[in-house]
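So in numbering that gives the first Met the number 0 the end of the sequence shown lands on 298, straight run, no missing numbers.
Glycine included, every Cβ here is placed at the ideal spot set by N, Cα and C.
For reference, the structure discussed in these notes is given below.
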Amino acid sequence: MRAIHPDAAPVVTHGFSVDVEDWFHIIDCDGAPDPRSWDAQEDRVGLGTRAVLDLLERHGHHATFFVLGWVAERHPELIAEIATRGHEIGSHSYGHAMVSSLGPDAFAADLDRSLEALTRAGSGPVRCFRAPGFSIGPGEVWALEILASRGIEVDSSLFLAPRAHGGWAMDRRRPFELWLPSGRRILEVPVVPARIGKAALPFSGGGYLRLLPEAALMRLFDAFEAAGEPTVAYLHPRELDPAQPRMELPLRRRFKYYVGLDGVHDKLDALFARFRFDTVSGAAARGALDPPVVLRQAA
Ligand SMILES: [Zn+2]
0 MRAIHPDAAP VVTHGFSVDV EDWFHIIDCD GAPDPRSWDA QEDRVGLGTR AVLDLLERHG
60 HHATFFVLGW VAERHPELIA EIATRGHEIG SHSYGHAMVS SLGPDAFAAD LDRSLEALTR
120 AGSGPVRCFR APGFSIGPGE VWALEILASR GIEVDSSLFL APRAHGGWAM DRRRPFELWL
180 PSGRRILEVP VVPARIGKAA LPFSGGGYLR LLPEAALMRL FDAFEAAGEP TVAYLHPREL
240 DPAQPRMELP LRRRFKYYVG LDGVHDKLDA LFARFRFDTV SGAAARGALD PPVVLRQAA
């Protein structure tokens, strides 16, 4: 891995994204609160969201905030603040269900409800989408068709590395167009993993961002910088809220959700100081695209 000089000016514009959901919006996990109990949980989503807004502002970066429709209905003031502070607002669905668990009709209904909630909260037209848990894989081409039919032009739901749910290994290192079976097109701005030998390490968000020491994180971004390749970093407001309530989760999940919370603020501060970030649309517009991927209808 080639390191860049620490004082070298950044040449790549990476995407920065925030999935705006609360500490209890955890999916696909025993012990996560039932959606019917969400309204009774302690509401903390504004704390972490404002912490990341302040950090972005300090460094002059912009980001895409993929907001749950459920959150937008309860916090229109937060949507207005994100927009006023110059960021892009996308949809992260309404109810945070995995795409594969919904099927086409329920997915379309959930998407419509989320777009309605966001626009009613003052988002303006919504052009970007990220699926809960990056849960669009080769079996969910129909979901991309529904997104395109609702005016979504930019998707950031593909995770180009194997993962517990979702994950779609494609030979792409930069944003690219998806050509859908219907003839519609959608611009994909994926989370691109680092390559360590034959392994793919999705280092730029979630548990990896919390677990990796700052120096290791910097080296991984340096390698992308040296290759001239952008990636997309992603964060949840709860990751900047170390005092959030802890759920009784299975041990592995407890580790995955709560390890390294205390260090996230300073790591982000260092990353923002050294590298250049923009909205996912902005990052795609500022760099070269990889060749399109032509999709056929899944059998
Ligand atoms: Zn999410």
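Subject >> Cβ pair Pro236, Gly47 closer than 7 Å >> reply: The residue you call residue 236 lines up with position 237 of the sequence shown. The residue you call residue 47 lines up with position 48 of the sequence shown. Against a cut-off of 7 Å, the Cβ pair of Gly47 and Pro236 comes out as a contact.
**OP:** Output yes or no for whether 7 Å exceeds the beta carbon distance between Gly206 and Lys255.
**Re:** The residue given as residue 206 occupies position 207 in the sequence shown. The residue given as residue 255 occupies position 256 in the sequence shown. Yes, these two residues count as a Cβ contact at 7 Å.
Original post:
Quick one: Cα of Asp299 to Cα of His58, how far?
Top reply: The displayed coordinates of the chain run from 0 to 298. Any statement about residue 299 would go beyond what the structure contains.
**OP:** Label Ser156 either buried or exposed according to how many other C-beta atoms from any shown protein chain fall within 10 Å of its C-beta, with 16 as the threshold for buried.
**Re:** Counting from one through the sequence shown, the residue named residue 156 turns up at place 157. Classification for Ser156: buried.
Original post:
What residues are listed by DSSP as bridge partners for Leu13?
Top reply: As a first step, residue 13 is located in the sequence shown; it is residue number 14 there, counting from the start. Checking the displayed sequence, the identity of residue 13 turns out to be His instead of Leu. Looking at the DSSP assignment, His13 forms a beta bridge with Phe276.
Original post:
Which same chain residues, not among the five before or five after Val279, have their C-beta less than 7 Å away from its C-beta?
Top reply: As a working note, residue 279 is residue 280 in the sequence shown. Gly14, Ser16, Thr63, Cys127, Val153, Ser155, Val188 and Val231, listed in sequence order.
Original post:
Which residues in the same chain as Leu210 place their Cβ atom closer than 8 Å to its Cβ, once the five residues preceding and following it in sequence are excluded?
Top reply: Taking the sequence shown and counting its residues from 1, the one referred to as residue 210 is at position 211. Cβ neighbours of Leu210 beyond the five flanking positions: Val258 and Gly259.
Subject >> Opening and closing residue of the alpha helix (DSSP H) in which Gly89 lies >> reply: To locate residue 89, count along the sequence shown from 1; it is residue 90. Segment Glu87 to Ser90 is the beta strand (DSSP E) holding Gly89; no alpha helix (DSSP H) there.
Original post:
Grouping DSSP H, G and I as helix and E and B as strand, with all else coil, what is Asp38?
Top reply: The residue labelled residue 38 in the question sits at position 39 within the sequence shown. Helix, per DSSP.
Original post:
If you follow the beta strand (DSSP E) that Ile185 is part of, which residue opens it and which one closes it?
Top reply: Your numbering for residue 185 matches position 186 in the sequence shown. Counting along the chain, the beta strand (DSSP E) containing Ile185 begins and ends at Arg184 to Glu187.
Original post:
In terms of DSSP beta bridges, what is Thr63 paired with?
Top reply: The residue given as residue 63 occupies position 64 in the sequence shown. According to DSSP, Thr63 bridges with Ser16 and Glu87.
Subject >> Inter-residue spacing [alpha-carbon to alpha-carbon] between Ala298 and Ala105 >> reply: In the sequence shown, counting from the first residue as 1, residue 298 sits at position 299. In the sequence shown, counting from the first residue as 1, residue 105 sits at position 106. Low confidence applies here, because Ala298 scores a pLDDT of 48, under 50, leaving its location unreliable; read the following figure in that light. Ala298 and Ala105: Cα-Cα distance of roughly 20 Å.
Subject >> Opposing strand residues paired with Ile195 [DSSP bridges] >> reply: Numbered from 1 along the sequence shown, position 196 holds the residue referred to as residue 195. Partner(s): Ala198.
Original post:
When the Cα atoms are used, what is the spatial distance from Leu146 to Asp170?
Top reply: For the purposes of this step, residue 146 is taken as the residue at position 147 of the sequence shown. For the purposes of this step, residue 170 is taken as the residue at position 171 of the sequence shown. A straight line joining the alpha-carbon of Leu146 with that of Asp170 spans about 23 Å.
Subject >> Reduced DSSP category for Val263 - H, G, I as helix; E, B as strand; rest coil >> reply: Translated into positions along the sequence shown, residue 263 becomes position 264. Look at Val263 here: in three-state DSSP terms it is helix.
Original post:
So, is Val125 buried or exposed, given that buried needs 16 or more other C-beta atoms within 10 angstroms?
Top reply: The residue labelled residue 125 in the question sits at position 126 within the sequence shown. Buried.
Original post:
Taking Glu176 as the reference, which of Leu52, Asp29, Gly166 and Ala284 has the closest Cα?
Top reply: Along the sequence shown, read from residue 1 onward, the residue named residue 176 stands at position 177. Comparing Cα-Cα distances from Glu176 to each of Leu52, Asp29, Gly166 and Ala284, the minimum goes to Ala284.
Original post:
Can you tell me the Cα-Cα spacing of Val44 and Gly94, whole angstroms?
Top reply: The count along the sequence shown starts at 1 and reaches residue 44 at position 45. The count along the sequence shown starts at 1 and reaches residue 94 at position 95. Rounded to the nearest angstrom, the two C-alpha atoms are 15 Å apart.
Original post:
With burial defined as no fewer than 16 other Cβ atoms inside 10 Å of the residue's Cβ, what is the status of Ser203: buried or exposed?
Top reply: As a working note, residue 203 is residue 204 in the sequence shown. Around the beta-carbon of Ser203, 16 or more other beta-carbon atoms lie within 10 Å, marking it buried.
**OP:** List the whole-angstrom C-beta distance separating Asp350 from Pro241, where the pair is believed to meet the contact cut-off of C-beta under 8 Å.
**Re:** Past the edges of the chain, shown from 0 to 298, lies residue 350, and the structure says nothing about it.
Subject >> Close-in-space but distant-in-sequence residues of the same chain around Gly136 (CB under 8 Å, 5 per side omitted) >> reply: Position 137 of the sequence shown, counted from the first residue, corresponds to residue 136. Taken in chain order, the residues that qualify are Ser99, Gly165, Gly166 and Trp167.
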